[in-house]
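Asks:
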Amino acid sequence: MHALESKIFYFFPFIPIPPGAFLPWLITLGVFIFCYLATRQILLQPTPLQNVAELIYLELEKFIIMIAGPKHSKRLMPYLGTMFLYVLLSNMMGLIPGFKSPTSVFSNCLGMAMITFFLTHLFGLWEGGFHYVAHFWGEPWWLGPLMFPLHIIGELSRPLSLTFRLFGNIMGEDVVILVLTVALFPFLIPLPMMFMALFTSFLQAMVFTILSGVYLSGALPAEGHDHENPIPIPPHTEEP
Amino acid sequence: MDPTTLVHSVEAFSAVLAILVGSAFCAIGQARVISNTMESMARQPEILGELRFTMIIGLAMIESLAIYCLLVSLILLLLKW
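Top to bottom, those sequences are chains A and B. 2 is the number of the first residue of the first sequence in our numbering; add one for each residue after it. 88 is the number of the first residue of the second sequence in our numbering; add one for each residue after it.
#1: When the cut-off is 8 Å and only beta carbons count, does A:T182 lie next to chain B?
#2: For A:S162, which three-state DSSP category applies?
#3: So for A:T121, helix, strand or coil by DSSP?
#4: The segment 194-216 of chain A: which residues have C-beta closer than 8 Å to a C-beta of chain B, in chain order?
#5: Are the Cβ atoms of B:E98 and B:L163 separated by less than 8 Å?
#6: Using 8 Å as the limit for Cβ to Cβ distance, is A:Y115 near chain B?
#7: Is there a Cβ of chain E sitting closer than 8 Å to that of A:G169, yes or no?
#8: Determine whether the Cβ of B:L166 lies closer than 8 Å to any Cβ atom of chain A.
#9: Quick check on B:L104 - is its C-beta less than 8 Å from some C-beta in chain A?
#10: Considering only the beta carbon of each residue, do B:S151 and A:S105 sit closer than 8 Å?
#11: Which first and last residues belong to the alpha helix (DSSP H) in which A:K72 is found?
#12: Name the chain A residues that come within less than 9 Å of B:G136, Cβ to Cβ?
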């Protein structure tokens with residue numbers, strides 16, 4: 002494995018930062034510049050760049066409303082949308098020759114999963130308070146000593162499986178492309194695997210976002226049970 | 088045989104066995120999920136989006152079992168006892 006890792010053609014050997022730390026900054030900078038250029042001057046008749054940004058935003062919003070429902074989506078949109086774009090761009094970075102997917106580094110995936118983990122429990126404590134802590138104990142109180150460790154293990158296995166799903170898939174696809182490139186022939190041979198990698202990149206970004214959204218909206222109170230802010234009833238209109 | 092070599096070969100063998108059995112049964116489970124979802128999609132195309140969304144969540148949940156096997160085999164291969 003180490004012999005293979007050293008054969009990854011990394012373009013920036015003069016930068017004394019490992020690629021797993023440098024390429025996320027590059028992605029962030031790229032997205033920042035794109036967003037700055039696209040929203041610098043918002044017009045009613047959009048410029049081409051603004052059009053692209055609006056398309057991306059609207060599709061993401063539709064996707065996140067499907068995950069989290071219309072009530073929570075407004076609150077979860079910034080986090081989930083950012084996560085989707087970041088994971089997608091990170092996964093696709095491995096397709097550029099000379100680059101290495103930041104998500105094929107274990108620590109990056111662990112970091113993103115930990116953000117989801119802490120945010121989930123923060124939302125739960127914030128919204129539910131004592132009820133959120135009490136739901137770990139389970140419903141019949143005398144089964145609590147059995148159910149409490151099970152709930153804790155279940156909660157801890159979520160970031161673990163999120164991390165390893167992303168890491169395993171992306172590292173696997175990177176290693177396959179690398180083996181085909183190094184061992185066979187670096188032209189046209191790894192191409193079918195790269196198409197496969199395009200598909201997996203998108204799918205894994207989607208799965209990561211869906212699971213984060215499901216965990217996060219599971220910690221928030223369920224839809225339609227909000228007594229403090231009920232959905233406003235439209236004012237009575239005159240019957241024709 | 089040198090005992091260290093024996094331990095290493097047993098480690099490699101069990102790592103391969105873990106990921107082999109895990110991914111094989113995971114594939115069977117995922118195939119069942121996908122075929123049943125396709126059947127329901129053909130029967131009720133009007134809830135296609137909802138079905139696809141639930142299918143992806145279920146596939147991810149099933150896949151996490153194979154991921155635990157990957158974790159076990161990575162620990163066996165990379166950790167020096």
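Ideal placement from N, C-alpha and C gives every residue a C-beta, glycine not left out. Bear in mind that the values here come from a model prediction, so they are computed numbers and not experimental data.
Replies: Based on what the coordinates show:
#1: The residue labelled residue 182 of chain A in the question sits at position 181 within the first sequence. Judged by the 8 Å Cβ criterion, A:T182 is not in contact with chain B.
#2: In the first sequence, counting from the first residue as 1, residue 162 of chain A sits at position 161. Helix at A:S162.
#3: Residue numbering aside, residue 121 of chain A sits at position 120 when the first sequence is read from its first letter. Helix.
#4: M207, V208, I211, L212 and V215
#5: Looking up residue 98 of chain B in the second sequence gives position 11. Looking up residue 163 of chain B in the second sequence gives position 76. In contact: B:E98 and B:L163 (Cβ atoms closer than 8 Å).
#6: As a first step, residue 115 of chain A is located in the first sequence; it is residue number 114 there, counting from the start. The sequence shown places Met at residue 115 of chain A, rather than the Tyr named in the question. It does not: the Cβ of A:M115 has no partner Cβ on chain B nearer than 8 Å.
#7: Absent from the structure: chain E. Protein chains present are A and B.
#8: Reading the second sequence from its first residue, position 79 is the one you call residue 166 of chain B. It does not; no Cβ of chain A falls within 8 Å.
#9: Against the second sequence, residue 104 of chain B aligns to sequence position 17. Judged by the 8 Å Cβ criterion, B:L104 is not in contact with chain A.
#10: Indexing the second sequence from 1 puts residue 151 of chain B at position 64. Indexing the first sequence from 1 puts residue 105 of chain A at position 104. Cβ distance not < 8 Å, so B:S151 and A:S105 don't count as in contact.
#11: Counting from one through the first sequence, the residue named residue 72 of chain A turns up at place 71. It spans P49 to M94 - the alpha helix (DSSP H) in which A:K72 sits, taken as one unbroken run.
#12: Within the second sequence, residue 136 of chain B is the residue found at index 49, counting from 1. Going along chain A in sequence order, the residues near B:G136 (Cβ under 9 Å) are M67.
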